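Here's the structure we're looking at; comments come further down.
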Amino acid sequence: MRDGDKSRYLGKGVLKAVDNINTEICEAIIGLDAADQTFIDKTLIELDGTETKSRLGANAMLAVSMAVARAAAEDAGLPLYRYLGGAGPMALPVPMMNVINGGEHANNTLDIQEFMIIRWARKPSAKRCAWAPRSSTT
1 MRDGDKSRYL GKGVLKAVDN INTEICEAII GLDAADQTFI DKTLIELDGT ETKSRLGANA
61 MLAVSMAVAR AAAEDAGLPL YRYLGGAGPM ALPVPMMNVI NGGEHANNTL DIQEFMIIRW
121 ARKPSAKRCA WAPRSSTT
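Listed below in structure tokens is the structure:
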């Protein structure tokens, strides 16, 4: 959800989403169990009531969902990654690099949201990430 006021952040401000968090969303989730992430997220989705999360704003709903997860992790005495990922071994995902932006959030007319590149070589993530700037200049 963006404000659309061209005088603030070229129309991409989020004061409406922040207001939704501070009013309607806050009223709906205060007192709920932060450890029940599924229930919190379902509550947000039902409260919004649209398929596209456009009434309250997907950005507002995501921010609240993430804040609840952080609070639950803190309450459990765990880092967020461990709280969400469990006690099993950790693996880093394959880095993806965004090279061209489009879609609604870009200042152009491209219909596609993002053009991304992936380095599949079996190299450590640091080497994969170091490759990205070189790929955009060749």
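So that you can map any letter, position 98 of the sequence shown is 98 in UniProt numbering, and since no number is skipped, the others follow by simple counting. Just so you know, even glycine gets a beta-carbon here, dropped at the ideal spot from N, CA and C. Treat the numbers as computed from the prediction; the structure is a model and nothing was measured.
Quick one: what's got a C-beta closer than 6 Å to residue i's C-beta in the same chain, skipping five residues either side?
i    : result
L80  : R70 and A73
I112 : G102
A34  : V68, A71 and A72
First and last residue of the beta strand (DSSP E) that includes residue i?
i    : result
I100 : M96 to N101
Comparing C-alpha positions only, which one of the options sits nearest to residue i?
i   : options                : result
E27 : V14, L47, Y9 and Q37   : L47
N98 : N108, E104 and F115    : F115
G57 : A17, L110 and S7       : A17
Y9  : G77, E51, A87 and H105 : H105
P95 : A87, S54 and R122      : R122
V64 : T52, I45, G88 and G11  : I45
Using the rule of at least 16 other Cβ atoms within 10 Å of the residue's Cβ for burial, across every protein chain shown, is residue i buried or exposed?
i    : result
N22  : exposed
I25  : buried
A60  : buried
N107 : exposed
Can you tell me where the alpha helix (DSSP H) with residue i in it begins and where it stops?
i    : result
M116 : Premise fails: M116 lies in the beta strand (DSSP E), E114 to I118, not in any alpha helix (DSSP H).
N59  : A58 to A76
G85  : L80 to G85
V18  : L15 to N20
A106 : Where A106 is concerned, there is no enclosing alpha helix (DSSP H), given that its DSSP letter is neither H nor E.
L47  : Q37 to D48
E27  : C26 to I29
Ignore the nearest five residues each way along the sequence and tell me which others in residue i's own chain have a CB closer than 8 Å to its CB.
i           : result
residue 159 : Here the chain covers residues 1 to 138 and nothing more, so residue 159 does not appear.
L32         : F39, I40 and T43
I29         : I40, T43, L44, V64 and V68
A76         : A35 and Y83
L110        : I100, N101, G102 and G103
Less than 7 Å between C-beta atoms, sequence neighbours within five positions excluded: which residues of the same chain meet that for residue i?
i   : result
G49 : R55
Just to confirm, does residue i get its C-beta within under 8 Å of one of the non-hydrogen atoms of the ligand FMN?
i    : result
A106 : No copy of the ligand FMN appears in this structure; indeed no ligand is present at all.
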